[in-house]
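Start counting the sequence shown at 363; every next residue gets the next number (my numbering).
One structure below.
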Amino acid sequence: MNIAVIGSGYVGLVSGTCFAEMGNKVTCVDIDQNKIQKLEQGIIPIFEPGLEQMVLKNVKNNNLFFTTQLGEAISDAEIVFIAVGTPMGDDGSADLQYVLAVAKSIGETMGKRLIVVDKSTVPIGTADKVKATIQSELDKRGENIEFHVVSNPEFLKEGAAIDDFMKPDRVVIGSDSDYAFDKMKQLYSPFFRTHDRFITMDIRSAEMTKYAANTMLATKISFMNEIANICERVGADANKVRIGIGSDKRIGYSFIYPGAGYGGSCFPKDVKALKKIAEENGYKANLIESVENVNDAQKLVIANKIVKRFGEDLTGFTFGLWGLAFKPGTDDMREAPAIYIVKELEKRGAKVNAYDPKAIEESKEFYLKDAKNIKYCNSKYEVLQGADALILLTEWKEFRSPDFEEIKTQLKLPIIFDGRNQYNAFNLGDNGFEYFQIGK
Ligand code: NAD
């Protein structure tokens, strides 16, 4: 099939590349000229395991193309995906300006029958707005061209995006057109090798499914963090409680790790957007509001432990920081707990030595560009030089089993604040460390 993907970020670039991998002709579009130029030169603007090789292979095979010209990309396409950002607006709702700008461009330029797929995470009712926007442009042009708007929310996880896309748990398609259902099924059927995981429904339910999924996962995280905070106060160990409850199949082990709070480009904004959607429709979503409040507080739990140990005024102290990205396997720092902790430490007069295998450039250029007391290091052990204590915030593999003797020798004080409970099994307390974790 001939496909266009509008927006070449984490979702657009991965989806487009995976569709190309299955033999489709895919053109990825972005308004960011710099991004497209890089992609044309074979430089991948984001870090995602396995993506670079797959992009290069499909470009070489003439299955994957890049352009800034939307009209050119959709001229031969049967299906166009909208995969632009839907960031949090000032009032917490999803900002639809990019999605609707793309819809307008599609209406202005389309020349033949087209399926328009909302892959971006969008509030319920957005497909109607996309449809109206396209129709209005066609009316202005005096054109009568058939098109179908479909909702196909994306569930990939950054850090495992290629795998998630190539072997999806499910593909949700919301549509009111049999033609669109058939075409979408043809497009996705190569991704189901064992059995069909194609779930069809009406458009609004598909749009809601994405928000419900992300909010459910965020709820599990906030629930466990709340349990961890109670554990700390009653002398229980959240690591053991996690195993105790996860063994119940109805609960499961995933997403119940106590930690420094959820971040990333999706959970914070989608939880907030769903709360706003409820509010706009006359319903106060108390549980969702609490999920958010627990997470906001959780992002500072490690900073609070540091203050409890070192005092309110941290002037003269330096903290080594392992991990800036919001999770391992990505360079994405959107809403990462590291942003909040570095700012809090800096506000209290402390300095930070930071290292992350992939996110240092993001941090320097965007998320902590105003931080004055942060020094970026080239390795995890360089971070320790001159530092009073170590903080772990992202559980990258290279941090999981470090040389604790080296840590002890390098740090001024043998103190570790573990925001991901990675070193729980190492009996650090018996080995001369002061070890602070979440929920114990
Ligand atoms: P992103 O910011 O990485 O990429 C969006 C891209 O769209 C940018 O490159 C931007 O330049 C481009 N863009 C903006 N306006 C454009 C226009 N008019 N024409 C062409 N390109 C344009 O965003 P992302 O993380 O890929 O997320 C995209 C959507 O997918 C969001 O709604 C997000 O909530 C959803 N989503 C994201 C993830 C994830 O893990 N990142 C997972 C599932 C769903």
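The C-beta atom is built at its ideal place from N, Cα and C for all residues, glycine as well.
It should be emphasised that the depicted structure is a prediction, and the values quoted were computed from it without experimental measurement.
Assuming residue i is part of the alpha helix (DSSP H), what are its boundary residues?
{"i": "THR379", "result": "372-383"}
{"i": "ASN587", "result": "565-596"}
{"i": "ILE613", "result": "Counting along the chain, ILE613 falls outside any alpha helix (DSSP H), and DSSP gives it neither H nor E."}
{"i": "PHE629", "result": "629-642"}
{"i": "PHE681", "result": "Counting along the chain, PHE681 falls outside any alpha helix (DSSP H), though it belongs to the beta strand (DSSP E) covering 680-684."}
{"i": "LEU426", "result": "Segment 426-429 is the beta strand (DSSP E) holding LEU426; no alpha helix (DSSP H) there."}
{"i": "THR471", "result": "459-471"}
{"i": "TYR702", "result": "699-709"}
{"i": "GLY606", "result": "600-608"}
{"i": "ALA435", "result": "432-436"}
What is the residue span of the beta strand (DSSP E) that residue i lies within?
{"i": "ALA647", "result": "Counting along the chain, ALA647 falls outside any beta strand (DSSP E), and DSSP gives it neither H nor E."}
{"i": "ILE368", "result": "364-368"}
{"i": "ASN715", "result": "713-717"}
{"i": "PHE543", "result": "Careful: PHE543 lies outside any beta strand (DSSP E), inside the alpha helix (DSSP H) at 540-550."}
{"i": "LEU752", "result": "751-754"}
{"i": "VAL417", "result": "Run containing VAL417: none in the beta strand (DSSP E); it sits in the alpha helix (DSSP H), 413-422."}
{"i": "VAL388", "result": "387-391"}
{"i": "TYR797", "result": "796-798"}
{"i": "VAL442", "result": "441-444"}
Classify residue i as helix, strand or coil using the three-state DSSP reduction.
{"i": "SER513", "result": "strand"}
{"i": "LYS726", "result": "helix"}
{"i": "ILE668", "result": "helix"}
{"i": "MET450", "result": "strand"}
{"i": "ILE406", "result": "coil"}
{"i": "PHE527", "result": "helix"}
{"i": "VAL534", "result": "strand"}
{"i": "ILE507", "result": "coil"}
{"i": "LEU775", "result": "coil"}
{"i": "ILE736", "result": "strand"}
{"i": "PHE617", "result": "coil"}
{"i": "ASP780", "result": "strand"}
{"i": "THR483", "result": "coil"}
{"i": "PHE553", "result": "helix"}
{"i": "ALA456", "result": "strand"}
{"i": "THR692", "result": "coil"}
{"i": "THR488", "result": "helix"}
{"i": "LEU518", "result": "coil"}
{"i": "THR677", "result": "coil"}
{"i": "LEU476", "result": "strand"}
Nearest-angstrom Cα distance between residue i and residue j?
{"i": "GLU697", "j": "LYS422", "result": "36 angstroms"}
{"i": "LEU676", "j": "LYS637", "result": "37 angstroms"}
{"i": "ASN506", "j": "MET472", "result": "11 angstroms"}
{"i": "GLY412", "j": "LEU579", "result": "25 angstroms"}
{"i": "ASP540", "j": "ASN514", "result": "15 angstroms"}
{"i": "ALA647", "j": "PHE517", "result": "23 angstroms"}
{"i": "ILE565", "j": "ALA445", "result": "17 angstroms"}
{"i": "ASN657", "j": "MET528", "result": "31 angstroms"}
{"i": "TYR797", "j": "MET416", "result": "42 angstroms"}
{"i": "GLN497", "j": "ASN786", "result": "58 angstroms"}
{"i": "ALA575", "j": "ILE408", "result": "25 angstroms"}
{"i": "GLU594", "j": "TYR624", "result": "19 angstroms"}
{"i": "LYS602", "j": "LYS734", "result": "40 angstroms"}
{"i": "ASP452", "j": "ASP732", "result": "21 angstroms"}
{"i": "ILE613", "j": "LYS582", "result": "9 angstroms"}
{"i": "GLY608", "j": "LEU426", "result": "42 angstroms"}
{"i": "ILE524", "j": "SER537", "result": "25 angstroms"}
{"i": "ILE639", "j": "ILE486", "result": "8 angstroms"}
{"i": "ILE703", "j": "LYS400", "result": "33 angstroms"}
{"i": "ASN386", "j": "MET563", "result": "25 angstroms"}
{"i": "GLY606", "j": "PHE766", "result": "29 angstroms"}
{"i": "VAL464", "j": "ILE436", "result": "12 angstroms"}
Less than 8 angstroms between the C-beta atoms of residue i and residue j, yes or no?
{"i": "GLY521", "j": "GLY447", "result": "no"}
{"i": "ALA622", "j": "GLY781", "result": "yes"}
{"i": "ASP693", "j": "ALA687", "result": "yes"}
{"i": "VAL484", "j": "LEU458", "result": "yes"}
{"i": "ALA712", "j": "VAL745", "result": "no"}
{"i": "LEU755", "j": "GLY685", "result": "yes"}
{"i": "VAL512", "j": "ILE535", "result": "yes"}
{"i": "VAL461", "j": "VAL492", "result": "yes"}
{"i": "TYR738", "j": "ILE722", "result": "yes"}
{"i": "LYS770", "j": "PRO764", "result": "no"}
{"i": "LYS474", "j": "SER377", "result": "no"}
{"i": "GLN799", "j": "ASN783", "result": "yes"}
{"i": "PRO552", "j": "MET363", "result": "no"}
{"i": "THR571", "j": "ILE650", "result": "no"}
{"i": "ILE405", "j": "THR430", "result": "no"}
{"i": "ALA635", "j": "TYR729", "result": "no"}
{"i": "GLY682", "j": "ALA749", "result": "yes"}
{"i": "PHE381", "j": "GLU402", "result": "no"}
Against chain D, with Cβ distances strictly below 8 angstroms, would residue i count as a contact?
{"i": "ARG671", "result": "Absent from the structure: chain D. Only one protein chain is present."}
(request) Just jot down, in chain order, the residues whose CB lies closer than 6 angstroms to any heavy atom of the ligand NAD. (result) Sorted by position in the chain, ILE368, GLY369, SER370, GLY371, TYR372, VAL373, GLY374, VAL391, ASP392, ILE393, ASP394, LYS397, ALA445, VAL446, GLY447, THR448, TYR460, ALA463, VAL464, SER482, THR483, GLU516, LEU518, GLU520, SER627, CYS628 make up the residues whose C-beta lies under 6 angstroms from a heavy atom of the ligand NAD.
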